[in-house]
Amino acid sequence: MKLVGALVAVFRETACLTQRELADRACLHQETIASIEQGRRPLKPDLARLLDSILETKRALSTAVENMPEVDLIPAWAEEYMDFEREAIALSWFENQVLPGLLQTENYARAVFRTDVPALSQDEIEQRVAARVERQEILQRKVPPTISFIISEATVRDRLGGKNVHIEALRHLRACAELPGIALQIMPLGRETHAGLSGPFILLETPDHQHIAYAENQRGSQLITDPDEVSILAQKYAMLRTQALNPEETKGLLDLRLGDP
Numbered sequence: 156m157k158l159v160g161a162l163v164a165v166f167r168e169t170a171c172l173t174q175r176e177l178a179d180r181a182c183l184h185q186e187t188i189a190s191i192e193q194g195r196r197p198l199k200p201d202l203a204r205l206l207d208s209i210l211e212t213k214r215a216l217s218t219a220v221e222n223m224p225e226v227d228l229i230p231a232w233a234e235e236y237m238d239f240e241r242e243a244i245a246l247s248w249f250e251n252q253v254l255p256g257l258l259q260t261e262n263y264a265r266a267v268f269r270t271d272v273p274a275l276s277q278d279e280i281e282q283r284v285a286a287r288v289e290r291q292e293i294l295q296r297k298v299p300p301t302i303s304f305i306i307s308e309a310t311v312r313d314r315l316g317g318k319n320v321h322i323e324a325l326r327h328l329r330a331c332a333e334l335p336g337i338a339l340q341i342m343p344l345g346r347e348t349h350a351g352l353s354g355p356f357i358l359l360e361t362p363d364h365q366h367i368a369y370a371e372n373q374r375g376s377q378l379i380t381d382p383d384e385v386s387i388l389a390q391k392y393a394m395l396r397t398q399a400l401n402p403e404e405t406k407g408l409l410d411l412r413l414g415d416p
């Protein structure tokens, strides 16, 4: 990805274009071009063909993408979602088994991938950890997206990775709860009603105000664009927000857990 990104930068500069100018010609955001050139984002085949045409590079980029090593390819089932996540202006995320990827520490993410069955190699684990941590850049932007997280209290109590990893994860959650634009809510244990029994899901709003949803299962995922289906999940999320602890109560619960980890 870094090599392909470097090629895009070289060809762009040879064509005497800035990142913004190339983005405008390709009808993209400047950040998209910057991310590709820095190797943080994969160049997908359709965009490679478009850039080849704009930059007159005689299929150089398309050929490079077609021959990328498999280790550098993000799974197809996740790639499209990650594109939307990078550009989203708003996210609503319900998770009931594990902390959301955007809130995981490096050690927690490593513990998550070490539980995979069948087991991953150490190289695969480290590659996935690095990719997950890289995604968290959106939380630190000058103008971050508006994000609501609802997580099960069980994920806060579980000691995935051991005591030290658990305490570090709790401290990180508490710090994230103070970030601008983030609302963190915990769904307490022992409830008699629960709007999210069908499993975790994510709602996104794109820069052009398209509303989509995303859900994963054991062997893949589903990107949901049908307005009726997205509306149903939005209704579920609205109900979950009323059932979960509010953000101030959530901070109090995290403080209690940190006092008695």
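Count along the sequence shown starting at 1, add 155, and that's the number in our numbering.
Where a beta carbon is used, it is the ideal one built from N, C-alpha and C, also for glycine.
Check                                                                                                                                                                         : Outcome
Which residues in the same chain as Phe166 place their Cβ atom closer than 8 angstroms to its Cβ, once the five residues preceding and following it in sequence are excluded? : Leu206, Leu210, Thr212, Ala215, Leu216
Of all the options Asp201, Lys391, Leu328, Ile387, which has the alpha carbon lying nearest to the alpha carbon of Leu254?                                                    : Leu328
So, are the CB atoms of Glu242 and Pro362 less than 9 angstroms apart?                                                                                                        : yes
Taking only three categories from DSSP, how would you classify Val226?                                                                                                        : Unreliable positioning characterises Val226 in this predicted model, as indicated by a pLDDT of 47, which lies under 50. A coordinate reading is not provided.
Alpha carbon to alpha carbon, how far is Gly160 from Ile194? Give it in angstroms, no decimals.                                                                               : It is worth fixing the name first, because residue 194 is Gly in this sequence and not Ile. Straight-line Cα distance between these residues: approximately 5 angstroms.
What separation, rounded to the nearest whole angstrom, lies between the Cα atoms of Ser376 and Gly317?                                                                       : 29 angstroms
Return the Cβ separation of Ser247 and Ile357 in integer angstroms, given the expectation that the two are a contact with Cβ distance under 8 angstroms.                      : 7 angstroms
Cutting at 8 angstroms between CB atoms, please list the residues of its own chain near Ala181, excluding the five before and the five after it.                              : Ile188, Leu202, Leu205, Leu206, Ile209
Let me make sure I understand the geometry here. Which of Ser353, Arg296, Leu258 has the alpha-carbon closest to that of Thr310?                                              : Leu258
Where are the beta strand (DSSP E) runs, 3 residues long or more, that stay fully inside the stretch 170-204, in chain order?                                                 : none
Below 8 angstroms on the Cβ atoms is my guess for Arg314 versus Val284; work out the distance and round it to an integer in Å.                                                : Actually they do not touch by this definition, with Cβ atoms about 19 angstroms apart.
Kindly indicate which residue of Ala219, Glu235, Arg196 has the alpha-carbon position closest to the one of Tyr485.                                                           : Residue 485 is absent from the structure shown; the chain starts at 156 and stops at 416.
How big is the Cα-Cα spacing for Glu308 and Arg269?                                                                                                                           : 22 angstroms
Have a look at Arg396 and Gln390 and give me their C-alpha separation to the nearest angstrom.                                                                                : 10 angstroms
For Ile387, count the other beta carbons within 10 Å of its own beta carbon; 16 or more makes it buried, fewer makes it exposed. Which is it?                                 : exposed
If we count the other Cβ atoms within 10 Å of its Cβ and call it buried at 16 or more, is Gln340 buried or exposed?                                                           : buried
So what does DSSP say about Ile357, is it helix, strand or coil?                                                                                                              : strand
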